[in-house]
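Q: Next up is a structure, given as structure tokens.
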Amino acid sequence: MSGGRPEEASGAGDEPQRLEHQPFDPLRIGLLGAARINETSIVKPALATGARLVAVAARSRDRAEAFAAQHGVERVLDSYADVIADSDVEAVYNPLANSLHAAWNVAALEAGKHVLTEKPSASNHAEASWVQQRFAATSARFAGQVFMEGFHYLYHPMFVRLLEIVASGEVGEVRHVESTLLMPAPHDSDPRWDMALAGGAIMDLGCYALHAQRVLGAHAGGAPVVTGARCEEHSPGVDAWADVEVVFPSGATGLARCSMTSGHWEMAVHVHGTRGSVSVPDLLYREDDDRVVVRASPEAGGAERVEHGGTDSTYTHQLRVFTAAVRGGGPVTTDADDAGHHGAGRRRLPRARPRSPAQQPAHGSRPLRHF
Numbered sequence: 001m002s003g004g005r006p007e008e009a010s011g012a013g014d015e016p017q018r019l020e021h022q023p024f025d026p027l028r029i030g031l032l033g034a035a036r037i038n039e040t041s042i043v044k045p046a047l048a049t050g051a052r053l054v055a056v057a058a059r060s061r062d063r064a065e066a067f068a069a070q071h072g073v074e075r076v077l078d079s080y081a082d083v084i085a086d087s088d089v090e091a092v093y094n095p096l097a098n099s100l101h102a103a104w105n106v107a108a109l110e111a112g113k114h115v116l117t118e119k120p121s122a123s124n125h126a127e128a129s130w131v132q133q134r135f136a137a138t139s140a141r142f143a144g145q146v147f148m149e150g151f152h153y154l155y156h157p158m159f160v161r162l163l164e165i166v167a168s169g170e171v172g173e174v175r176h177v178e179s180t181l182l183m184p185a186p187h188d189s190d191p192r193w194d195m196a197l198a199g200g201a202i203m204d205l206g207c208y209a210l211h212a213q214r215v216l217g218a219h220a221g222g223a224p225v226v227t228g229a230r231c232e233e234h235s236p237g238v239d240a241w242a243d244v245e246v247v248f249p250s251g252a253t254g255l256a257r258c259s260m261t262s263g264h265w266e267m268a269v270h271v272h273g274t275r276g277s278v279s280v281p282d283l284l285y286r287e288d289d290d291r292v293v294v295r296a297s298p299e300a301g302g303a304e305r306v307e308h309g310g311t312d313s314t315y316t317h318q319l320r321v322f323t324a325a326v327r328g329g330g331p332v333t334t335d336a337d338d339a340g341h342h343g344a345g346r347r348r349l350p351r352a353r354p355r356s357p358a359q360q361p362a363h364g365s366r367p368l369r370h371f
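The C-terminal residue of the sequence shown carries number 371 in the UniProt record's numbering, and the numbering is unbroken.
Following this line, the structure appears as structure tokens:
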């Protein structure tokens, strides 16, 4: 069965736009792996959009067959390479471990497939640049080829609405951006704690927090610059939590926070301006909370307004945009160029020093490691 990397193959973007629901021929998707996230990230969205899940391969055939039987995948293949080579597969979905994203993304691109990859699309800046370069080459060979990195929050109407409100000037000049993604600790055996698989809080949750800061830089003079970063290690080289402070060209500041050892779930973005603030309390799972909360400053009257954007999941909206792009109906914001810029931003984070086992955890006590 397929596992590891493929054989070597030969040979902030624009803000998202609101997408009207349009009928398209069913997208034919092949899955690399039977990851736990698949039900939420691709199976349910495929049902919602009418896409076909035509093939899957996993580390073992038994695992792939069980997944296919449970979720209605049309056939099971022996390897990831077989999924990519299948002539009925037009788009490849890659939910593999972070360390396997870049190589399999490139393999799919080289085969002329469209690619929807889980974030981060690569485990470091060098890999992100490689994917960016290979997509530039393959998209010249395969007209209309689409690459999307799965920052699904960006495609939900509620985040689109937050950007519209910020752009309108309703909350005034942007002064501070907070992006916070916290979760309780996974089991110690979870692959997200594995350095060899490019695990850690920044790679799992923090990439969302940093990406949101960069997206909002469009309303604060441009891309942010890291001014300070702290983390605590879960194990050597793998961060349990991290705080990253940034400054924007306008002088506005930002704080990106992530933790995989929190006592609670929090997935929020808050934008504070000179005349008020706008917040999305649930960045990723809008079926639970689809609010955008706008608060005027006391000087502007202090009024609060709540808007709702619908409870279709962020992943469903993402697949709609991806399908529209594949069928020639729309742009992709989180494309290979965006992924390359995001990888460059992670590269500029400072390294961590090992934490003494005797040292008590103290928030902000360690510089963040380099990725």
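Cβ atoms here follow ideal geometry from the backbone N, Cα and C, with glycine treated the same way.
The structure presented is a predicted model; accordingly, all values stated were derived computationally and were not measured.
Assess, as a yes-or-no matter, whether the segment 136-147 is touched by the segment 188-198 under the definition of 3 or more beta carbon pairs within less than 8 Å.
A: Judged by Cβ distances under 8 Å, the segment 188-198 makes no contact with the segment 136-147, as fewer than three pairs qualify.
Q: So, under 8 Å CB-CB, residue 373 and Ala57 are touching, yes? Tell me the CB distance rounded to an integer number of Å.
A: Only positions 1 to 371 of the chain appear in this structure, which leaves residue 373 out of reach.
Q: Hey, how far is the Cα of residue 385 from the Cα of Glu170?
A: In the structure as shown, the chain begins at 1 and stops at 371. Residue 385 is therefore absent and cannot be evaluated.
Q: Closest by CA to Leu31, which one among His101, Asp25 and Phe24?
A: Your numbering for residue 31 matches position 31 in the sequence shown. Closest by alpha carbon: His101.
Q: With H, G and I counted as helix, E and B as strand and the rest as coil, what does DSSP make of Ala108?
A: By 1-based counting over the sequence shown, the position of residue 108 is 108. Here Ala108 sits in helix by DSSP.
Q: Given a cut-off of 8 Å, decide if His264 and Glu178 are closer than it, judged by their beta-carbon atoms.
A: For the purposes of this step, residue 178 is identified with residue 178 of the sequence shown, where counting begins at 1. For the purposes of this step, residue 264 is identified with residue 264 of the sequence shown, where counting begins at 1. No, they are not a contact pair.
Q: How far does the beta strand (DSSP E) with Ser259 in it extend, from its first residue to its last?
A: As a working note, residue 259 is residue 259 in the sequence shown. Thr253 to Ser259 is the extent of the beta strand (DSSP E) around Ser259.
Q: Taking the alpha carbon of Tyr153 as the reference point, which residue from Leu181, Arg275, Val174 and Ala242 has its own alpha carbon closest?
A: As a first step, residue 153 is located in the sequence shown; it is residue number 153 there, counting from the start. For the residues Leu181, Arg275, Val174 and Ala242, the minimum Cα distance to Tyr153 belongs to Leu181.
Q: Just curious, the beta strand (DSSP E) that Thr227 is in, first and last residue?
A: In the sequence shown, counting from the first residue as 1, residue 227 sits at position 227. First-last of the beta strand (DSSP E) with Thr227: Val225 to Ser235.
Q: Cβ atoms of His176 and residue 373: under 8 Å apart, would you say?
A: Here the chain covers residues 1 to 371 and nothing more, so residue 373 does not appear.
Q: Among residues of its own chain, excluding the 5 on either side of Thr227, which ones have a beta-carbon nearer than 7 Å to its beta-carbon?
A: Mapped onto the sequence shown, residue 227 falls at position 227. Within the same chain, Thr227 has close Cβ partners Glu245, Val246 and Val247.
Q: If contact is defined by three or more beta carbon pairs under 8 Å, each pair taking one atom from either stretch, is the segment 88-95 in contact with the segment 109-116?
A: The answer is yes - the segment 88-95 touches the segment 109-116, with three or more Cβ pairs under 8 Å.
Q: Using only the alpha-carbon positions, how far apart do Lys44 and Ala81 sit?
A: Here residue 44 refers to the residue found at position 44 when the sequence shown is read from its first residue. Here residue 81 refers to the residue found at position 81 when the sequence shown is read from its first residue. So the alpha carbons of these two residues sit roughly 24 Å apart.
Q: Which residues does DSSP pair with Asn94 in a beta bridge?
A: By 1-based counting over the sequence shown, the position of residue 94 is 94. DSSP lists Thr117 as partners of Asn94.
Q: Applying the 10 Å Cβ sphere with the 16-neighbour rule, what's the burial state of Gly222?
A: To locate residue 222, count along the sequence shown from 1; it is residue 222. By the 10 Å Cβ count, Gly222 comes out exposed.
Q: Any idea what DSSP makes of Ile37, helix, strand or coil?
A: Position 37 of the sequence shown, counted from the first residue, corresponds to residue 37. In the structure shown, Ile37 sits in coil (DSSP, three-state: anything other than H, G, I, E or B).
Q: When the Cα atoms are used, what is the spatial distance from Ala325 to Val54?
A: Stepping through the sequence shown from its first residue, residue 325 is reached at position 325. Stepping through the sequence shown from its first residue, residue 54 is reached at position 54. Going by the C-alpha atoms only, they are around 20 Å apart.
Q: For Pro130 and Asp62, what's the separation of their Cα atoms in angstroms?
A: Counting from 1 along the sequence shown, the entry for residue 130 is found at position 130. Counting from 1 along the sequence shown, the entry for residue 62 is found at position 62. First, the residue type needs correcting, since residue 130 is Trp and not Pro in the sequence shown. For Trp130 and Asp62, the distance between alpha carbons rounds to 34 Å.
Q: What does DSSP give as the partner residue(s) for His270 in the beta ladder?
A: Residue 270 sits at position 270 when you count from the first residue of the sequence shown. His270 pairs with Glu178 and Ser279.
Q: Report the three-state DSSP secondary structure of Pro350 (helix, strand or coil).
A: Position 350 of the sequence shown, counted from the first residue, corresponds to residue 350. At Pro350 the pLDDT is 46, less than 50, meaning the model places this residue with poor confidence and gives no usable figure here.
Q: Have a look at Thr261 and Met183 and give me their C-alpha separation to the nearest angstrom.
A: Locating residue 261 in the sequence shown gives position 261, counting from the first residue. Locating residue 183 in the sequence shown gives position 183, counting from the first residue. Between Thr261 and Met183, the C-alpha separation is close to 6 Å.
Q: Between Gln133, His219 and Leu205, which has its C-alpha nearest Asp338's C-alpha?
A: The residue given as residue 338 occupies position 338 in the sequence shown. Of Gln133, His219 and Leu205, the residue nearest in Cα terms is Gln133.
Q: Can you name the start and end residues of the beta strand (DSSP E) that His308 belongs to?
A: As a first step, residue 308 is located in the sequence shown; it is residue number 308 there, counting from the start. Where His308 is concerned, the enclosing beta strand (DSSP E) stretches over Glu304 to His308.
Q: Contact check, Val146 vs Val332 under 8 Å by CB: the rounded distance?
A: As a working mapping, residue 146 is identified with position 146 in the sequence shown. As a working mapping, residue 332 is identified with position 332 in the sequence shown. Correct: roughly 6 Å between the Cβ atoms.
Q: At the level of alpha carbons, what is the spacing between Pro6 and Ala107?
A: Along the sequence shown, read from residue 1 onward, the residue named residue 6 stands at position 6. Along the sequence shown, read from residue 1 onward, the residue named residue 107 stands at position 107. So the two alpha carbons sit approximately 7 Å from each other.
Q: Is the CB-CB distance between Gly310 and Asp290 below 8 Å?
A: To locate residue 310, count along the sequence shown from 1; it is residue 310. To locate residue 290, count along the sequence shown from 1; it is residue 290. Going by C-beta atoms, Gly310 is nearer than 8 Å to Asp290.
Q: What distance in whole Å lies between the Cβ atoms of Asn98 and Met203, which are believed to be in contact at a cut-off of 8 Å?
A: Within the sequence shown, residue 203 is the residue found at index 203, counting from 1. Within the sequence shown, residue 98 is the residue found at index 98, counting from 1. The Cβ separation is near 5 Å, so the contact holds.
Q: What would DSSP say about Glu65, mapped onto helix, strand or coil?
A: As a position in the sequence shown, residue 65 is number 65, starting the count at 1. The answer is helix: DSSP assigns Glu65 an H, G or I state.
Q: When you compare the CB positions of Ala209 and Cys258, do they come within less than 8 Å of one another, or not?
A: For this step, residue 209 is matched to residue 209 along the sequence shown. For this step, residue 258 is matched to residue 258 along the sequence shown. Result yes, Cβ atoms of Ala209 and Cys258 sit closer than 8 Å.
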